[in-house]
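Some notes on the structure that comes next.
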Amino acid sequence: MSGFRAEILHWFDSGRVAPGRELELLRAAAILPSPADWRAFLGRLTLWLGTVALATALIFFFAFNWDDLGRFAKFGLVEAAILAGLIAFWRFDLDGAPGKAVLLLLSLLTGALLALAGQVYQTGADTYELFAWWAALILPWVLVGRFSPLWLLWLALLNLAVCLYCRLGWDGETMIWALFLLNGAMLVLWEAGHRAGLAWLRDDWPPRLVAVAAGTMATALVVWAILGGGRGGSGALAGLAYLAWLGAVYHWYRRVRADLFMLAGGLLSLIVAVVAFLSKTMLGSDAGGYLVIGLVVIGMSAGGAVWLRAAAREQRA
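Reminder that position 83 of the sequence shown reads as 105 in the numbering used here, one-by-one numbering, no gaps.
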């Protein structure tokens with residue numbers, strides 16, 4: 023179906039559709055959503071928005087009534103909500119949307135319970151420990167749920183834990199390295215699962231989000247090295263890691279599993295790295311360097327657009 027849809031859209035791009043008959047073609051090709059599709063979409067939308075709103079409402083209830091509730095009432099309310107969620111999850115089908123929504127709600131309530139314990143007892147623990155324990159406690163639900171948004175929530179918690187931990191005593195370069203390795207490893211695991219045929223890993227948007235995080239850290243790493251932020255041989259190591267990441271992105275998403283979004287992200291990262299290098303070597307008292315950098319950006323952007331269009335044509339072929 024995706025190939026047929028791409029072919030129809032290609033007809034629009036090439037001007038092969040008679041003016042005024044666009045909607046007729048889309049209806050005949052069953053591309054426009056039907057009333058049943060709209061009902062299904064609105065049902066899923068209200069389910070997920072209601073799940074997030076329910077968890078948020080409980081947190082805001084605590085914030086508004088904090089002084090009026092005793093510690094046992096606070097803990098009892100959250101634990102009762104978690105218990106109700108577990109009972110509901112036992113009644114629902116694990117592979118259905120309601121069951122996955124309950125798992126998401128339970129994961130959010132787990133974080134609320136940990137935050138409540140920290141506020142009530144003032145344990146003195148560092149903030150990163152909250153997110154680390156949160157990620158550890160919901161990991162069984164992430165594995166059981168086989169649900170992309172829940173997996174992304176777990177990964178976001180790990181990223182926050184790493185960021186907050188590195189800020190305690192490590193420099194910025196160490197944090198960038200840690201986030202790059204974490205998100206890069208998660209992207210590799212996702213692609214391995216996708217390659218193995220796991221059904222819940224077949225969506226395109228979750229690995230793209232992870233790739234954006236990993237690519238941002240890889241780009242920050244090489245820019246840090248180019249601008250002189252690296253220590254000793256760490257600059258060369260950062261450059262090698264960046265080139266390895268860029269080559270892996272090109273090979274995998276050009277030759278193994280074609281994805282224009284990933285290729286475009288890698289191209290953008292390369293442009294940023296080249297601009298950082300030119301800025302380091304050419305900018306000074308001479309204003310001509312700005313002109314050269316601007317021309318390089320225009321040239322690389324235009325060349326990259328032509329290359330991406332050629333890659334898109336190869337995918338359709």
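Where is the CB? At the ideal position from N, CA and C, for every residue including glycine.
Cβ-Cβ distance between residue i and residue j below 7 angstroms
i: residue 200; j: residue 188; result: yes
i: residue 281; j: residue 275; result: yes
i: residue 152; j: residue 174; result: no
i: residue 129; j: residue 88; result: no
i: residue 180; j: residue 157; result: yes
i: residue 127; j: residue 77; result: yes
i: residue 134; j: residue 81; result: yes
i: residue 236; j: residue 205; result: yes
i: residue 142; j: residue 66; result: no
i: residue 161; j: residue 100; result: no
Span of the alpha helix (DSSP H), counted from its first residue to its last, around residue i
i: residue 288; result: 282-304
i: residue 112; result: 93-113
i: residue 267; result: 256-273
i: residue 59; result: 57-86
i: residue 17; result: Because the chain in this structure spans residues 23 to 339, residue 17 falls outside the shown range and cannot be described.
i: residue 232; result: 227-248
i: residue 218; result: 194-218
i: residue 190; result: 170-191
7 angstroms Cβ shell around residue i - same chain, five flanking residues per side excluded
i: residue 167; result: 122 and 125
i: residue 297; result: 315 and 319
i: residue 223; result: 212, 215 and 216
i: residue 183; result: 150, 153, 154 and 157
i: residue 83; result: none
i: residue 286; result: 330
i: residue 196; result: 188
i: residue 113; result: none
Reference residue i; option with closest CA among the options
i: residue 290; options: 90, 270 and 238; result: 238
i: residue 11; options: 302, 278, 209 and 61; result: Beyond the ends of the chain as shown, which are 23 and 339, falls residue 11; an answer cannot be given.
i: residue 241; options: 283, 293, 192 and 213; result: 293
i: residue 295; options: 265, 128, 336 and 143; result: 265
i: residue 119; options: 106, 130 and 68; result: 68
i: residue 336; options: 277, 133 and 204; result: 277
i: residue 74; options: 325, 154 and 171; result: 171
i: residue 283; options: 233, 85, 194 and 95; result: 233
i: residue 116; options: 99, 165, 95 and 103; result: 165
i: residue 220; options: 322, 102, 169 and 195; result: 169
i: residue 202; options: 138, 288, 139 and 267; result: 267
Own chain, CB closer than 8 angstroms to residue i, minus 5 neighbours either side, in chain order
i: residue 63; result: 55
Same chain only: Cβ atoms within 6 angstroms of residue i, ignoring 5 sequence neighbours per side
i: residue 247; result: 257, 260 and 261
i: residue 321; result: none
Minimum Cβ-Cβ distance from residue i to chain B less than 7 angstroms
i: residue 178; result: No chain B is present in this structure, which holds just one protein chain.
Quiz item: Does the pairing of the segment 180-197 with the segment 225-233 give three or more beta-carbon distances under 8 angstroms?
Solution: Under the Cβ criterion (8 angstroms, minimum of three pairs), the segment 180-197 does not count as touching the segment 225-233.
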